[in-house]
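Sequential numbering of the first sequence, starting at 803, is according to the numbering used here.
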Amino acid sequence: MEPKSFFNDVYDVVRQIPFGRVTSYGAIALFLGSKLSARMVGWAMNACHGMPDVPAHRVVNRDGVLSGKHFFGSPTAMQELLEAEGIRIENDKIVGFKKVFWNPSEELL
DNA sequence: GTCCTGACTCTTC
DNA sequence: TGAAGAGCCAGGA
803 MEPKSFFNDV
813 YDVVRQIPFG
823 RVTSYGAIAL
833 FLGSKLSARM
843 VGWAMNACHG
853 MPDVPAHRVV
863 NRDGVLSGKH
873 FFGSPTAMQE
883 LLEAEGIRIE
893 NDKIVGFKKV
903 FWNPSEELL
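Written as structure tokens, this is what we have:
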């Protein structure tokens, strides 16, 4: 199944997130044209389970909090994946979020 | 075919 | 300053 819709665009952006970098739902939504569609990005992530190419663990909310960690099977799976890339996590929140933040509107454009 | 929910974000009280 | 409500889109029941 290959969704050629908003979802596909979200996956395309997420796939291009560099190693050791993270981005936010809002940043992706903004890049796609509608920052108000941040929820849609989260919903798209909900459907990305069948796509191993999509590093959903690199997508967090605007605070750098691992909101969707619970959807990774284990509450710590998402954190471990990020730590494996050199990103430090504390209290389910990314330490130095702004330093590892990747803005698709600037980097990808 | 209609209503509800969902891993968010921003604005206003 | 803190908390609550509204808005977006798509999928499932």
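Cβ atoms here follow ideal geometry from the backbone N, Cα and C, with glycine treated the same way.
- Residue 867 carries a strand assignment under DSSP once its states are collapsed to helix, strand and coil.
- Of all alpha-carbon atoms in 866, 824, 845, 825, the one lying nearest the alpha-carbon of residue 808 is that of 845.
- By a beta-carbon distance limit of 8 angstroms, residue 862 does not contact residue 813. Their separation comes to about 17 angstroms.
- Annotated three-state conformation of residue 889 is coil, per DSSP.
- In the three-state scheme derived from DSSP, where H, G and I count as helix and E and B as strand, residue 836 is classed as coil.
- With a threshold of 16 other beta carbon atoms within 10 Å, residue 838 falls short and is exposed.
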